[in-house]
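A.B. asks:
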Amino acid sequence: MSRVGLVLGAGGVTGEAFHRGVLNGLRDVTGWDARSASVIVGTSAGSLVGASLRCSGRVPSARSSAPDDAMLAELPARVDPRALLAAARRPWAARAGVLATALLPAGRHPTELFVSGLRRAYGASWPDEPLHVCAVRRRDGARVVFGSPGAPSVDVATAVAASCAIPGYFQPVVAAGETYVDGGVHSPTNADVLAGQSLDLVVVSSPMSVARYAVRPKLDLSARLLWHRYVGAERRVLERAGTLVLTIEPGGEVLRALGVNTLRAARVDAIEDLAREATRALLERPDKAGRVALLAGRGRRSA
């Protein structure tokens, strides 16, 4: 049996829809059930989807976590300079997301709005199968991976709330004596946390980046290309350890449907359908045959 890791990246409400389409497309072509993943890594919207998969297998509806127009119109509150000062002490190691976070005020909206279902389902427990939830410690911009060895002990709902706390919009989440914000501040996917896990294949669903073969002019194209480079660097970390990687990024019609505002749910059904179709097309490419075989249980790591 192949050992497959699943990485579900950041992406807001539209990202949730993208993940649903990707997972359905994978199942259509290979029969692979995402609930069987040996380990799941979730960042922001991906953490919500990953926790749902580990709980019941039901991926949440993007509409359930979509803010209304009144919420979108409100301005955030105060700035916390500590992460900026931490980045200034080590400028060579500072990431763009950390610097941006330091300049953004704390948001006003509670992430509890969309993790209450997880809190009821999990209580204080953590799933038996590995689930890693990525967040960023606000005072210094350090990545924290809840559910991994040595990480602070928090419940699943709190971890997901922290991972989804988009700077400047959602309230930072206080847990275990620290304050956390969205894990996407460090990386849109954080796939490199799976290095050394002895996996045959890692599937990366990355709604915030862009497929280089299907680039189209967009207002957020520069940011998407930057995040594509982050994802590529993480892929190389895994590949150097001998793990195959299947990266699924939006392009073409999927990219157009995603739009620029990740928190609007108007086109989530179209996004899901288009992502499903694009994933199926990707898996039909001859260069993906080895990865398809691993997902279908017919291949080995050397495939």
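In terms of the numbering used here, the numbers along the sequence shown are unbroken and rise by one, the last being 1079.
Glycine included, each C-beta is placed from N, C-alpha and C at the ideal position.
Predicted model, so just to flag it, every value in this text is computed and none were measured.
(1) Should glutamate 905 go down as buried or exposed, given a rule of 16 or more other Cβ atoms within 10 Å for buried?
(2) Looking only at its chain, what residues have a beta carbon closer than 6 angstroms to the beta carbon of threonine 790, apart from the 5 residues adjacent to it on each side?
(3) In the DSSP output, what is glutamate 954 paired with across the bridge?
(4) Going by DSSP, name the residue or residues bridged to cysteine 910.
(5) Return the CA-CA distance between alanine 941 and methionine 984, expressed in angstroms with no decimal places.
(6) Which whole-angstrom value is the C-beta distance of threonine 965 and glutamate 1010, which I expect to be below 8 angstroms?
(7) Output the distance between the C-alpha atoms of proline 925 and alanine 810, rounded to the nearest integer angstrom.
(8) Here's the rule I'm using: 16 or more other beta-carbon atoms within 10 Å means buried, otherwise exposed. How should glycine 899 be labelled?
(9) With a floor of 3 residues, list each beta strand (DSSP E) that falls wholly inside the stretch 1005-1060, ordered by position along the chain.
(10) Kindly identify the DSSP beta-bridge partner or partners of leucine 784.
(11) Is the stretch 933-949 in contact with the stretch 810-829, if contact means three or more CB pairs nearer than 8 angstroms?
(12) Answer yes if the stretch 792-804 comes into contact with the stretch 1049-1069, meaning at least three C-beta pairs across the two stretches below 8 angstroms, and no otherwise.
(13) Taking the Cβ atom as the reference point for each residue, do alanine 967 and valine 817 lie within a distance shorter than 8 angstroms?
(14) Thinking C-alpha only, which one of Leu907, Ala1065, Ala793 and Ala897 is nearest serine 832?
(15) Under three-state DSSP, which class holds histidine 885?
C.D. replies: A quick look at the data gives this:
(1) exposed
(2) Leu1034, Thr1038 and Ile1047
(3) Ala951
(4) Thr819 and Val921
(5) 16 angstroms
(6) 6 angstroms
(7) 23 angstroms
(8) exposed
(9) 1020-1024
(10) Gly818 and Ser981
(11) yes
(12) yes
(13) yes
(14) Ala897
(15) strand
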